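Shown next, in structure tokens, is the structure this report addresses.
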Amino acid sequence: MRRQRIAEILHSGQPGQSVTVLGWVRTRRDSKHGFSFVEVNDGSCLKNLQAIIDAQTPGYAERIRAVTTGASVRLEGELKESPGKGQRIELHVRAFDVLGPADPETYPLQKKRHSFEFLREIAHLRPRTNTFGAMTRVRNAVSFAIHEFFQERGFYYVHTPIITTSDCEGAGALFQVTTLDLEKLARTVTELDYRHDFFGKPAYLTVSGQLQAEIFACAVGACYTFGPTFRAENSNTTRHLAEFWMVEPEMPFYELNDNMDLAEEFIKYVIRRVQQRCADDLEFFNQRIDNTLSDTLANITENRFVRLSYTEAVEILQRSGRSFEFPVQWGNDLQSEHERFLTEEHFKAPVILYDYPRTIKPFYMRLNDDGKTVRAMDVLVPRVGEVIGGSQREERLDVLQQRMVECGLNVESYQWYLALRRYGTVPHSGFGLGLERFIQLITGMQNIRDCIPFPRTPKHADF
Ligand code: 4AD
Ligand code: MG
Numbered sequence: 010m011r012r013q014r015i016a017e018i019l020h021s022g023q024p025g026q027s028v029t030v031l032g033w034v035r036t037r038r039d040s041k042h043g044f045s046f047v048e049v050n051d052g053s054c055l056k057n058l059q060a061i062i063d064a065q066t067p068g069y070a071e072r073i074r075a076v077t078t079g080a081s082v083r084l085e086g087e088l089k090e091s092p093g094k095g096q097r098i099e100l101h102v103r104a105f106d107v108l109g110p111a112d113p114e115t116y117p118l119q120k121k122r123h124s125f126e127f128l129r130e131i132a133h134l135r136p137r138t139n140t141f142g143a144m145t146r147v148r149n150a151v152s153f154a155i156h157e158f159f160q161e162r163g164f165y166y167v168h169t170p171i172i173t174t175s176d177c178e179g180a181g182a183l184f185q186v187t188t189l190d191l192e193k194l195a196r197t198v199t200e201l202d203y204r205h206d207f208f209g210k211p212a213y214l215t216v217s218g219q220l221q222a223e224i225f226a227c228a229v230g231a232c233y234t235f236g237p238t239f240r241a242e243n244s245n246t247t248r249h250l251a252e253f254w255m256v257e258p259e260m261p262f263y264e265l266n267d268n269m270d271l272a273e274e275f276i277k278y279v280i281r282r283v284q285q286r287c288a289d290d291l292e293f294f295n296q297r298i299d300n301t302l303s304d305t306l307a308n309i310t311e312n313r314f315v316r317l318s319y320t321e322a323v324e325i326l327q328r329s330g331r332s333f334e335f336p337v338q339w340g341n342d343l344q345s346e347h348e349r350f351l352t353e354e355h356f357k358a359p360v361i362l363y364d365y366p367r368t369i370k371p372f373y374m375r376l377n378d379d380g381k382t383v384r385a386m387d388v389l390v391p392r393v394g395e396v397i398g399g400s401q402r403e404e405r406l407d408v409l410q411q412r413m414v415e416c417g418l419n420v421e422s423y424q425w426y427l428a429l430r431r432y433g434t435v436p437h438s439g440f441g442l443g444l445e446r447f448i449q450l451i452t453g454m455q456n457i458r459d460c461i462p463f464p465r466t467p468k469h470a471d472f
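Numbering (the numbering used here), first residue to last: 10 to 472.
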């Protein structure tokens, strides 16, 4: 007998059809009339399959009590039209097995709703809840659509290193990678000799694959990276992770406006795909997590993003009459409260801000003729704030060298990056999308820790 996933059965199963179902029990209810109702879920969709096990079924008396919440089961039987409300079809069981029982006294997932904080402590079981089942499917659909978007446009998927010796963003938020015996060294030396370390010099987990993506963009054409990145920022916020996934396209012969067009098209494309493929899951998030979600997503896919310069944004914020916790002043980075004011209250739409002060942005961004601003762009969205950061890259060798010195970089160790400007330089641009922030936007989840299977944050790296 062919095994079938529950999503398939609920979608296209026909009365009279024989099926085998493998999954985990969500609930069991025993009727006085000599049969049990069992709700089974296998993760293929939000809905459970309702199964009816008659007391006459072989093994019923011995085994039905082991069919408890959390137990894994195999059910064989025939599909029938369901007389009950809430499902088109149900399974009438002819044979069943309990593959792995679950002690109902200690199984942590009870029928009541659990807090997300509690569920994070049992990250090994939270994928069995409705919310994290839906999260898993949405995250999968987002990832697939990201590849589709770029593949349809002829972008190459390049794999950039996870271990690196350069700091792309220059923010100093690096995790060091070493094989030195730190405990022993702490007892014996006052100064480290990196010649004894694995790579012979300090090495780190990457904060971004951009610099390496630029190498490929300036050789084979538009490309993108999609992988884990790491930041040792000690920020315990609902929008920061120490390990997160980033998508970084890099395009030769793109100027900042082309970059903005691509970013906007990209966000809209991926959301539409997820709307098509995960309609039930999005409806669940809309009902249970944030009932403005459908409207927010429709607003994003249907309207043109507002575009304005950082300087114009600062003027709007200063004229708003709002008292923000962090004062708004030209030259300061915008805070989450400012970004949210612009997207949620002032424009009520996604906003792309560009031309930021050079002093608050990394060395690689192209300097504008005013000498004060760089060709940066941030895409801001309601609730989440910055979901994309990008820029046109500095392609002029002399200007780039000056900027590196200004930013305190060791120019010698970036000779390979400068060589791209020395030999056949071209205007080019790119951006980085934070995958978990994007998923926060799409699902309406409050906390970014609930948008990744195993969140890593200060003092948390379990599982
Ligand atoms: O703005 P960021 O730092 O840009 C870069 O890393 C560039 N190298 C990208 C590029 O041009 N290729 O980071 C990009 C995005 C942010 O907009 C945000 O969505 C996300 O990455 N991000 C984080 N997400 C979760 N936790 C953190 N600690 C994050 N830091 C950045
Ligand atoms: Mg940024």
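Beta carbons are placed, not taken as given, at the ideal position from N, Cα and C, and that holds for glycine.
Fair warning: this is a prediction, and the values are worked out from it, not measured in the lab.
Under the three-state reduction of DSSP, K56 is assigned to coil, being neither helix nor strand. Taken through DSSP and simplified to helix, strand or coil, G417 comes out as coil. Bounds of the alpha helix (DSSP H) holding G142 are 139-161. Judged by DSSP in its simplified three-state form, L302 adopts helix. Assignment of beta-bridge partners to N50 by DSSP yields W33.
The ligand MG has no heavy atom closer than 7 Å to the beta-carbon of G394. Taking C-alpha positions only, V383 is separated from F293 by approximately 42 Å.
Only residues of its own chain outside the window of five on either side were considered, and among them V107, P110 have a CB closer than 8 Å to the CB of A75, listed in chain order. Around the CB of I397, 16 or more other CB atoms lie within 10 Å, so the residue is classed as buried.
The Cβ atoms of T169 and G236 sit closer than 8 Å to each other.
Under the Cβ criterion (8 Å, minimum of three pairs), the region 238-249 counts as touching the region 175-183.
For S152, the CB stays at least 7 Å from every heavy atom of the ligand 4AD.
Within the same chain, Cβ atoms closer than 6 Å to the Cβ of Q344 are found at F335, the five residues on either side in sequence being excluded. The closest heavy atom of the ligand 4AD lies 7 Å or more from the beta carbon of F472. Look at the beta carbons and you see the region 115-129 touching the region 458-465: at least three pairs across the two are nearer than 8 Å. The continuous stretches of beta strand (DSSP E) do not include V435, and DSSP gives it neither H nor E. A buried status is given to H347, since no fewer than 16 other beta-carbon atoms sit within 10 Å of its beta-carbon.
When secondary structure is reduced to three states using DSSP, C227 falls in the helix class.
The distance from the Cβ of P24 to that of K89 is about 5 Å, consistent with a contact at the 8 Å cut-off. The beta carbon of G340 sits no closer than 7 Å to any heavy atom of the ligand MG.
When DSSP assignments are scanned along the region 342-366, the uninterrupted stretches of beta strand (DSSP E) that are 3 or more residues long and fall wholly within it turn out to be 360-366. Straight across, the Cα-Cα distance linking N300 with G453 is about 9 Å. Shown here, D267 sits in a helix according to DSSP, grouped into three states. In this structure, the ligand 4AD has no non-hydrogen atom nearer than 7 Å to the beta-carbon of Q96.
In this structure, G179 has its beta carbon at no less than 7 Å from each heavy atom of the ligand 4AD. A distance criterion of 7 Å places the beta-carbon of D176 beyond contact range of the ligand MG, judged by its closest non-hydrogen atom. Within the DSSP bridge table, the entry for F253 names T238 as partners.
Counting along the chain, no beta strand (DSSP E) covers Q327; the unbroken alpha helix (DSSP H) around it starts and ends at 319-328. For the pair of segments examined, the region 358-374 was found to touch the region 308-320: the number of CB pairs separated by less than 8 Å reaches three.
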